[in-house]
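In order, the protein sequence lines correspond to chains A and B.
This note's numbering applies: residue -12 is where the first sequence begins, and numbers increase by one.
This note's numbering applies: residue 34 is where the second sequence begins, and numbers increase by one.
All residues carry an ideal CB built from backbone N, CA and C; glycine is no exception.
Data block below; observations after.
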Amino acid sequence: MSDHEYTPKSKAGKWFNDRLPLLTLANHLTDYPTPKNLNYWWTFGGILTFCLITQIVTGLVLAMHYIAHADMAFESVEHIMRDVNYGWLIRYIHANGASMFFLAVYIHIFRSLFYGSYKSPREIIWIIGIIIYLLMMAAAFMGYVLPWGQMSFWGATVITNLFSAIPFVGEGVVTWLWGGYSVDNPTLTRFFTLHYLIPFLILGLVVLHIWALHVPGNNNPVGIDVKKPSKDTVPFHPYIVIKDGFALLMFMIVFAFFVFYAPNILGHADNYIEANPLVTPAHIVPEWYLLPFYAILRSVPDKLLGVVAMLSAILILAVLPWLDTSKIRSAVFRPLYKQFYWILVADVLILGYVGAMPAEGLYLLIARVATAYYFLHFLVILPVLGLKERTIPLPLSITEPVLGGSPNMAMAKKKESKIE
Amino acid sequence: MKNILKLFSVIILFSVSSVNVISAEKVEFLKTDWTFKGLFGKFDRASLQRGYQVYTEVCAACHSMKYLSYRNLSEKGGPEFSVAQAKAIAASFEVTDGPNADGEMFQRPGKLSDKFVMPYENVKAAEAANGGAYPPDMSVLVKARGGGVDYIYSLLQGYEEAPSGMILDDGVHYNKYMYGNKIKMSAPLSDGIIEYSDGTKASVEQMSKDVTTFLMWAAEPSLEARHQMGFKAIVYLIILTVLVYFSMKRIWSRVKSEV
């Protein structure tokens, strides 16, 4: 937390603050010194907080009207859409809110990858972030099951069946997860319970995520340590608050466009057909935000290894701070890494695309190559690159980012060794 | 400003590509000018009323619409029959109610609060009467099919002679737009099969358009309210964004940095 002492001005404030230092906390949050060169990619933390709160609030209202029962879930969603006042609005915000949440989280993660925000001393922030991301995927998947449409039912069947790949106990685990011998009412009720629980776990982790962030302070586009507070920083309020607010409003315009003018475009038509265990849809596809991992899963011919590959693809991110051997954070000063970064972005987009296509022929081949490259990037390219790459000299501070001469370079090196 | 543009282009790229991936199914559907599309899209009231007539006189023989109530027919943003008309429509159906004080189920005329009466008791009965194929409930049918309204509109006009070489089983028909081209429903519409009460000529094309409009409303009864609110919300957001942008510029002018 911040180093300076804070004493409330009023007597009552002081009395309260001595017993519970909420005012100190509020003061810390307003004064929090933030690098003044943060660009708009840094506004997504605030946007994500907005997304989480939106999902929780709309979710609460939906839960008041939704019925978690295999025979009534689909109907209760239609009841929300038709008979609940503004039910259609709340449901469409919640459904599209999930997509917006993931859009924002992917930008947030890829920002971190570009500017090296996961590197020392921010590893814990990063790992908490990965846990949040995992929980988001679990929450989104279970939320998609709740309307009990065809994609809900068959998506749940496919994903839960992955656990059957576990040697020896797999089948038992799946039965245990289902609460029966197929996806049915017990599965639905437990998914609803967990779908309700997870957002609050995420909320708690978000608090830790921000707390951990406030220890070293924000990384920044230049990626060097900033003295705080100094001429390189601005207080969080009003500078960052207004900037985050501006970016959030732009984000909300896009959000509103989806909610009001294309509310079903990100969903699958089959989910408006009530779940039917006897009819399998022609293509079972997850929501768009899970497609890259779905592609990885399907690109491995063996079921168990496919599951392992899919999980590793996510978990590999957790050890990223140790896989990336470069001490330089920002890709701005890493000309080679910058190129590999964009190749990785393209690779993930390609995986997402083939994940939506049938796993056959050319698509399968592309998926395999892209999967291989994904792991190659993290396991080979990053460790080697950090040792071999010739980086561009770092500036001494973010206020004087233009550097040329060699004396400065030496100083930059010195600065760099201090970071270690 | 450059960064803002970059950011916006990423988000728009995402939106466009997601739309492309989803509409990747490659069948050219018949096109018509739907009045309910676009920023200010509204239903054509007369078309909705005619569409209801097509539904109730043709489709309802086999297809249920179990999530709609008769009261919906007089609600704002729908066909907007008068309350008296909607009551009369409801009363023309026999509804099973009960049990009464003697424990007996009984028949009574429908009321506004009743759900649309279903043509069959249950799914099994529907299948039995239709050669094993269940005529899907039509409440959200438009949203449950990939091509949406264009698909339904095309399907209704897509009945043709099967190409030579294609063998069709008994009770199976050829349809250009059906997935796999085989459909159990026989061509439901033919010119003049019904007589529109407003005197419009009941061509297959006209009926297809009307009934599809009606189905769109049935699946999305709040579409008009959504479009109206959406426009206001987005205009409001844009104005607020501009104001916040200038406040931000003002606040950041105090420090030597760019936003």
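{"query": "Got a sec? Which residues, its chain only, sit under 8 Å from A91 (chain A) by beta carbon, not counting five neighbours each side?", "result": "F31, I34, L35, C38 and F238"}
{"query": "Distance, Cα to Cα, N205 (chain A) vs V193 (chain A)?", "result": "15 Å"}
{"query": "With D18 (chain A) as the anchor, note down where its alpha helix (DSSP H) starts and where it stops.", "result": "L9 to D18"}
{"query": "Got a sec? Which residues, its chain only, sit under 6 Å from W198 (chain A) by beta carbon, not counting five neighbours each side?", "result": "none"}
{"query": "Which residues of chain B have a Cβ atom closer than 7 Å to the Cβ of A256 (chain A), listed in chain order?", "result": "K176, A177, R178 and G179"}
{"query": "Per DSSP, which residues does S102 (chain B) bridge with? Please list them.", "result": "B:K148"}
{"query": "Return helix, strand or coil for R177 (chain A), following the three-state DSSP convention.", "result": "helix"}
{"query": "Round the Cβ separation of L381 (chain A) and F320 (chain A) to the nearest angstrom and send it over; I've been treating them as touching at under 8 Å.", "result": "6 Å"}
{"query": "Going by DSSP, which residues form a beta bridge with T68 (chain B)?", "result": "Partner(s): none; T68 (chain B) has no beta bridge."}
{"query": "If we count the other Cβ atoms within 10 Å of its Cβ and call it buried at 16 or more, is S313 (chain A) buried or exposed?", "result": "buried"}
{"query": "Sorted by chain position, which residues of the same chain lie with C-beta nearer than 7 Å to H81 (chain A)'s C-beta, five sequence neighbours on each side aside?", "result": "Q42, T45, G46 and L49"}
{"query": "Buried or exposed: where does M123 (chain A) fall if 16 or more other Cβ atoms within 10 Å of its Cβ makes it buried?", "result": "buried"}
{"query": "Give me whichever residues DSSP pairs with F139 (chain B) in a beta bridge.", "result": "B:D130"}
{"query": "Compare the C-beta of V116 (chain B) with all C-beta atoms of chain A and state if any pair is closer than 9 Å.", "result": "no"}
{"query": "Helix, strand or coil for Y250 (chain A), going by three-state DSSP, please let me know.", "result": "The question names Tyr, but residue 250 (chain A) is Pro in the sequence shown. In the structure shown, P250 (chain A) sits in coil (DSSP, three-state: anything other than H, G, I, E or B)."}
{"query": "Would you call G181 (chain B) buried or exposed, if buried means 16 or more other Cβ atoms sit within 10 Å of its Cβ?", "result": "buried"}
{"query": "Can you give me the start and stop residues for the alpha helix (DSSP H) that T246 (chain B) sits inside?", "result": "V237 to A252"}
{"query": "Can you find a C-beta in chain A that's less than 9 Å from the C-beta of L273 (chain B)?", "result": "yes"}
{"query": "Taking Cβ-Cβ distances shorter than 7 Å, what residues in chain A pair up with L270 (chain B)?", "result": "L236, M239, I240 and A243"}
{"query": "Use the C-beta contact count for R285 (chain A): other C-beta atoms within 10 angstroms, 16 or more gives buried, fewer gives exposed.", "result": "buried"}
{"query": "Verify the CB distance criterion: does Y259 (chain A) have a CB-CB separation below 9 Å to chain B?", "result": "yes"}
{"query": "Does the separation of the CB atoms of Y88 (chain B) and L248 (chain B) fall below 9 Å?", "result": "yes"}
{"query": "When burial is assigned at 16 or more other CB atoms within 10 Å of the CB, is P173 (chain A) buried or exposed?", "result": "exposed"}
{"query": "My parser needs the alpha helix (DSSP H) runs of 4 or more residues fully inside the segment 157 to 242 of chain B; what are they?", "result": "181 to 189"}
{"query": "Using only the alpha-carbon positions, how far apart do A161 (chain B) and I146 (chain A) sit?", "result": "34 Å"}
{"query": "Using 9 Å as the limit for Cβ to Cβ distance, is Y210 (chain B) near chain A?", "result": "no"}
{"query": "List, in order along the chain, the chain A residues whose C-beta lies closer than 8 Å to that of S280 (chain B)?", "result": "I229"}
{"query": "State buried or exposed for A133 (chain B), treating a residue as buried only when at least 16 other CB atoms are found within 10 Å of its CB.", "result": "Per the sequence shown, residue 133 (chain B) should be read as Asn rather than Ala. It is exposed - the Cβ of N133 (chain B) has fewer than 16 other Cβ atoms within 10 Å."}
{"query": "Which chain C residues sit within Cβ distance under 7 Å of G232 (chain A)?", "result": "No chain C appears in this structure, whose protein chains are A and B."}
{"query": "Verify the CB distance criterion: does T386 (chain A) have a CB-CB separation below 9 Å to chain B?", "result": "yes"}
{"query": "Helix, strand or coil: which one does DSSP assign to P222 (chain A)?", "result": "strand"}
{"query": "Spatial neighbours of P216 (chain A) within its chain, please: C-beta separation below 6 Å, excluding the five flanking residues on both sides.", "result": "P20"}
{"query": "Roughly how many whole angstroms lie between the Cα atoms of G71 (chain B) and T144 (chain A)?", "result": "37 Å"}
{"query": "Can you tell me where the alpha helix (DSSP H) with K(-4) (chain A) in it begins and where it stops?", "result": "Note, K(-4) (chain A): premise wrong, no alpha helix (DSSP H); not H, not E."}
{"query": "I think S172 (chain B) touches M98 (chain B), with their Cβ atoms under 8 Å apart; what is that distance to the nearest whole Å?", "result": "5 Å"}
{"query": "Have a look at the DSSP bridge pairing and note the partners of G136 (chain A).", "result": "A:E261"}
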